[in-house]
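Take a look at the structure below.
Residue numbers (the numbering used here): 4 to 299.
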């Protein structure tokens, strides 16, 4: 049975209870956290034409449990499990819950605050949407590294491979696949963190991403010629279609992290992303995020 719109976040919270309520004695080496997030996305459907662009405000909730294992010679292992839920104010079909897990190996290459570090991580999560054409698995593998370069500055980089799976839909065009929501991509992010004070961190970052994107928009000859897969997408309207294309995205973001209590963190960020897809199908999006995290 499909989960109703408002029950998406409720389901995520129910799934999160085991992550938050396990006895500290039984899991002495584990920590847990919870988050609440409000996000505004100016173009959630990646549309190019102004008449097709859909914006939305998103409420998200989530919880995670994680454990850290330290080994010799600066090596460590972290394992985490998390549950998340999102509700969109205008487009209930993309309301979703997800359950996932991550494992990461980290190496610190010397002693001291200025020592460089590297890490490799793998994760898997299952996503369940109110309109189930987007249901499927998300797999990620990432290589990360970082170093403090000055007393107040840290730099970090991440190269990630991502794979999304979904059920193949009936094709809209003869000879063109309907497997529109299965995607593969790779991305590179570079970030700098400035420690303003003990309670305030400022962040600056760049993004490069290449691979599959899905744009839901009106049917045009240019979109059809540039797409590897096409299918009807009822989430955004009866006459709009989802197109999977190859694209490159470039983004900039700035943010701040504010420590409001010993275990409580408030985060705010702004991101601008420009995407250039095949056939000159270009689009832009702005994402504003405000979140609160609490560590138990």
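Where is the CB? At the ideal position from N, CA and C, for every residue including glycine.
- 93 is the residue among 93, 158, 147 whose C-alpha sits nearest the C-alpha of residue 133.
- Apart from sequence neighbours up to five positions away, the residues of its chain that approach residue 80 with a beta-carbon distance below 8 Å are 71, 72, 74, 106, 107, 108, 109, ordered along the chain.
- In the structure shown, the three-state DSSP call for residue 82 is strand.
- For the pair residue 149 and residue 112, the CB atoms are not nearer than the 8 Å cut-off.
- Per DSSP, the beta bridge partners of residue 165 are 143, 188.
- Shown here for residue 63: same chain residues with a beta carbon closer than 6 Å to its own, the five before and five after excluded, namely 40, 89 in chain order.
- Exclusion of the five residues before and after residue 159 leaves 149, 194 as the residues of its chain whose Cβ lies within less than 6 Å of its Cβ.
- Assignment of residue 97 by DSSP, reduced to helix, strand and coil, places it in the helix class.
- Excluding sequence positions up to five before and after residue 152, its CB lies within less than 7 Å of the CB of 158, all in the same chain and listed in chain order.
- Comparing C-alpha distances from residue 68 to each of 277, 78, 38 shows the shortest one belongs to 38.
- In this structure, residue 104 and residue 118 do not form a Cβ contact; the two beta carbons are roughly 28 Å apart against a cut-off of 8 Å.
- The stretch 173-190 makes contact with the stretch 232-239, as at least three CB pairs between them are under 8 Å.
- In this structure, residue 91 lies near residue 97, with their beta-carbon atoms less than 8 Å apart.
- Judged by DSSP in its simplified three-state form, residue 36 adopts strand.
- DSSP lists 63, 99 as the bridge partner or partners of residue 89.
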